[in-house]
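What follows is a short report on a single structure.
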Amino acid sequence: MMCCYPDIAADRMRDLIDFAAWNCLLDDFVENGPLSNDLPGMTHFLKSIGYICDTSNYLCPSDFGFDRDYRIAKALVDVKSRISAWASSVQIHNLMCATSHFMSGLAWEVAYTNMKQTPDLNTYCAIRTANSGMYMANALAECVNNVELTPAERACPEIQALTQCILFVLVIDNDLYSHHKEKSGCAAFPSMIDILMHSRGSKDTHAALLEALDLRNQCMRCYLALKAKCRRSFGNRLDIYFKGLEDIISGNLVFGSTCARYAAPGSPQFLGTTNAPYVRADSIQIPVADALDLPVSPPRHIPSIDWWWTLVH
Numbered sequence: 002m003m004c005c006y007p008d009i010a011a012d013r014m015r016d017l018i019d020f021a022a023w024n025c026l027l028d029d030f031v032e033n034g035p036l037s038n039d040l041p042g043m044t045h046f047l048k049s050i051g052y053i054c055d056t057s058n059y060l061c062p063s064d065f066g067f068d069r070d071y072r073i074a075k076a077l078v079d080v081k082s083r084i085s086a087w088a089s090s091v092q093i094h095n096l097m098c099a100t101s102h103f104m105s106g107l108a109w110e111v112a113y114t115n116m117k118q119t120p121d122l123n124t125y126c127a128i129r130t131a132n133s134g135m136y137m138a139n140a141l142a143e144c145v146n147n148v149e150l151t152p153a154e155r156a157c158p159e160i161q162a163l164t165q166c167i168l169f170v171l172v173i174d175n176d177l178y179s180h181h182k183e184k185s186g187c188a189a190f191p192s193m194i195d196i197l198m199h200s201r202g203s204k205d206t207h208a209a210l211l212e213a214l215d216l217r218n219q220c221m222r223c224y225l226a227l228k229a230k231c232r233r234s235f236g237n238r239l240d241i242y243f244k245g246l247e248d249i250i251s252g253n254l255v256f257g258s259t260c261a262r263y264a265a266p267g268s269p270q271f272l273g274t275t276n277a278p279y280v281r282a283d284s285i286q287i288p289v290a291d292a293l294d295l296p297v298s299p300p301r302h303i304p305s306i307d308w309w310w311t312l313v314h
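Numbering (the working numbering), first residue to last: 2 to 314.
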C-alpha cells in the first residue's frame with residue numbers, strides 16, 4: 002500500500018490494507034462465490050452492500066440475511082468505522098459513495114456474465130469509467146492526503162474528466178497486468194484486451210494489447226493537458242489532489258507487477274524502479290511512458306470517453 006499511498010501515517014496503514022483486502026475478497030466472492038450464478042441473489046447482495054455504504058450509522062448486516070457465511074458485510078462495517086475514526090465526514094462519505102458505485106459495476110458484470118453477452122467497446126468503457134473500483138483508490142488518496150474538494154470543484158467538468166481519465170489509465174494497467182493470469186484461467190468478465198478483440202472480430206491478442214496500450218497513453222496525455230488547464234483556473238490549490246492521483250498510477254505499476262494476485266506461472270517480474278515506464282503484458286515488457294510527448298489523438302470511436310478530449314482546448 003505504501004507504493005500507492007506514500008504519505009500514509011503508519012498507524013493508519015492497517016486500515017487501508019484491510020480495506021484493499023476486503024475489495025479483493027468481494028471481487029472473488031462475486032466471481033466464484035455461492036451467488037455467482039444466481040443473478041437475483043447477487044443483485045440483492047450487491048445492492049444491500051451499497052445500502053450499508055450509503056447509511057452512515059448502519060451496524061446490522063443480518064437485517065439483509067447476511068448472517069449465514071457472508072462475513073463480507075460485517076467486515077465492511079468494521080473497516081468503515083475504523084477509517085471513519087481518522088477521516089473527515091466528507092472524505093468517508095466520498096469513499097462510501099465510490100464503494101457503492103463499485104457495487105453497481107459488479108452488478109453490470111454479473112448481469113452480462115449470466116446473460117452470456119459481451120458489451121461493445123463504448124458500453125464497456127462507460128461501465129468501467131462510471132462504476133469501477135478505481136474511484137475507491139482515489140477516495141482513499143483523499144483520506145490519506147487530507148484532501149476535500151469543494152462541491153463546485155467536484156462538479157467541475159474539467160476536474161471530473163481528468164479524474165476519470167487518469168483513473169481509466171489504472172483500469173487499463175490492471176487489465177494489462179492481469180491478462181497473462183486471466184488467459185490461463187477463466188475470467189468471468191472480459192478485460193479491455195478481450196473487448197478490443199471482440200470489437201474487431203479478431204483473435205490477435207498482441208494487436209489488442211498494443212491497442213489497449215495506445216489508449217492508455219492517449220488517456221495519460223489527455224490528463225496532463227487537462228491538469229495544465231485546471232492549474233490555470235484553480236492555481237496550485239489542487240496540487241495535492243493531483244499528487245494523490247499520480248501516486249496511485251505510479252504505485253500501481255509496482256503493485257501490479259509484484260502482487261501474487263496478478264502473477265501467473267511464467268509471468269515476468271517487475272524489473273525497474275517505481276518510475277519505470279513499463280507495464281507487464283503477457284510475457285513481455287511494454288513501454289508506456291516514452292510516447293507521452295506525442296500529439297494527442299482522441300478516440301473518436303468511443304463516445305463515452307471522447308468527451309474528455311473536447312475539454313482540453
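Positions of the beta carbon are idealized from the N, C-alpha and C atoms, including for glycine.
Note that the coordinates shown come from a computational prediction; the quantities given were computed from them, not determined experimentally.
Margin query: Can you give me the C-alpha to C-alpha distance between residue 2 and residue 245, rounded to a whole angstrom?
Written below: When rounded, the distance between both Cα atoms is 13 Å.
Check: How about residue 137 and residue 100: are their beta carbons less than 7 Å apart?
Finding: Yes, they are a contact pair.
Next item on the list: Pull up the CB-CB distance for residue 210 and residue 194, whole angstroms please, since I reckon it's below 8 Å.
Entry: So it is a contact: roughly 6 Å between Cβ atoms.
Checklist line | CB of residue 306 within 7 Å of CB of residue 126, strictly | finding: A contact, by the Cβ cut-off of 7 Å.
Margin query: Rounded to whole angstroms, what is the Cα-Cα separation between residue 178 and residue 252?
Written below: Taking the CA atoms as reference points, residue 178 sits about 13 Å from residue 252.
Notebook entry, point to check: Taking the C-alpha atoms as reference points, what is the distance between residue 84 and residue 133?
Noted result: The C-alpha of residue 84 lies about 21 Å from the C-alpha of residue 133.
Margin query: Would residue 92 and residue 143 qualify as a contact pair, given that the criterion is a beta-carbon distance under 7 Å?
Written below: Contact: yes.
Checklist line | Buried/exposed call for residue 281, threshold 16 Cβ in 10 Å | finding: Per-residue confidence for residue 281 stands at a pLDDT of 42, beneath the threshold of 50, marking its modelled position as unreliable; the derived number appears in the next sentence. With 16 or more neighbouring CB atoms inside 10 Å of its own CB, residue 281 falls in the buried class.
Next item on the list: Run the CB neighbour count on residue 165, radius 10 Å, all protein chains shown included, and call it buried at 16 or more, exposed below.
Entry: Of the residues assessed, residue 165 falls on the buried side of the cut-off, its CB having 16 or more other CB atoms within 10 angstroms.
Checklist line | Distance between residue 11 and residue 19 (C-alpha atoms, nearest Å) | finding: When rounded, the distance between both Cα atoms is 14 Å.
Next item on the list: Over the uninterrupted alpha helix (DSSP H) stretch that includes residue 308, give me the two end residues.
Entry: It spans 304-311 - the alpha helix (DSSP H) in which residue 308 sits, taken as one unbroken run.
Check: Any idea if residue 301 is buried or exposed, counting beta-carbon neighbours within 10 angstroms, 16 or more meaning buried?
Finding: It is exposed - the Cβ of residue 301 has fewer than 16 other Cβ atoms within 10 Å.
Note to self: So, with DSSP's three-state summary, where would you put residue 150?
What the structure shows: Assigned with DSSP and collapsed to three states, residue 150 falls in coil, not helix or strand.
Notebook entry, point to check: Is the beta carbon of residue 163 sitting closer than 7 Å to the one on residue 227?
Noted result: In this structure, residue 227 lies closer than 7 Å to residue 163 by Cβ.
Margin query: Between 55, 17, 54 and 73, which has its C-alpha nearest residue 34's C-alpha?
Written below: Each of 55, 17, 54 and 73 was checked against the Cα of residue 34, and the nearest Cα belongs to 73.
Next item on the list: Find out if the Cβ-Cβ distance for the pair residue 44, residue 140 is shorter than 7 Å.
Entry: It is not a contact, given that the beta carbons lie outside the stated cut-off.
Next item on the list: Can you give me the start and stop residues for the alpha helix (DSSP H) that residue 230 sits inside?
Entry: For residue 230, the uninterrupted alpha helix (DSSP H) segment begins and ends at 206-235.
Next item on the list: Quick one: residues in its chain with C-beta nearer than 7 Å to the C-beta of residue 87, no 5 flanking neighbours on either side, listed in chain order?
Entry: Counting only Cβ-Cβ distances below 7 Å, and skipping sequence neighbours, we find 13.
Next item on the list: Confirm, please, whether the CB-CB distance from residue 231 to residue 170 is below 7 Å.
Entry: Not closer than 7 Å, so no.
Next item on the list: Can you tell me which of the three DSSP states residue 161 falls into?
Entry: Reduced to three states, the DSSP call for residue 161 is helix.
Next item on the list: Work out the CA separation of residue 213 and residue 304 for me, nearest whole Å.
Entry: Cα to Cα, the separation comes out at about 16 Å.
Notebook entry, point to check: To the nearest whole angstrom, what separates the beta carbons of residue 145 and residue 9, a pair I think is in contact under 8 Å?
Noted result: Going by Cβ atoms, the distance from residue 145 to residue 9 rounds to 5 Å, so yes, they are a contact pair.
Check: Do you know offhand how far residue 256's Cα is from residue 234's?
Finding: Taking the straight line from one Cα to the other gives about 34 Å.
Next item on the list: Would you mind working out which of 95, 80, 77 and 190 sits nearest residue 118, comparing C-alpha positions?
Entry: Distance check between residue 118 and each of 95, 80, 77 and 190 places 190 closest, using alpha-carbon atoms only.
Checklist line | Residue burial classification, residue 258 (beta-carbon count within 10 angstroms, cutoff 16) | finding: Classification of residue 258: buried, given that the 10 Å Cβ count is 16 or more.
Notebook entry, point to check: Do you know offhand how far residue 82's Cα is from residue 104's?
Noted result: Answer to the nearest angstrom: the Cα atoms are 19 Å apart.
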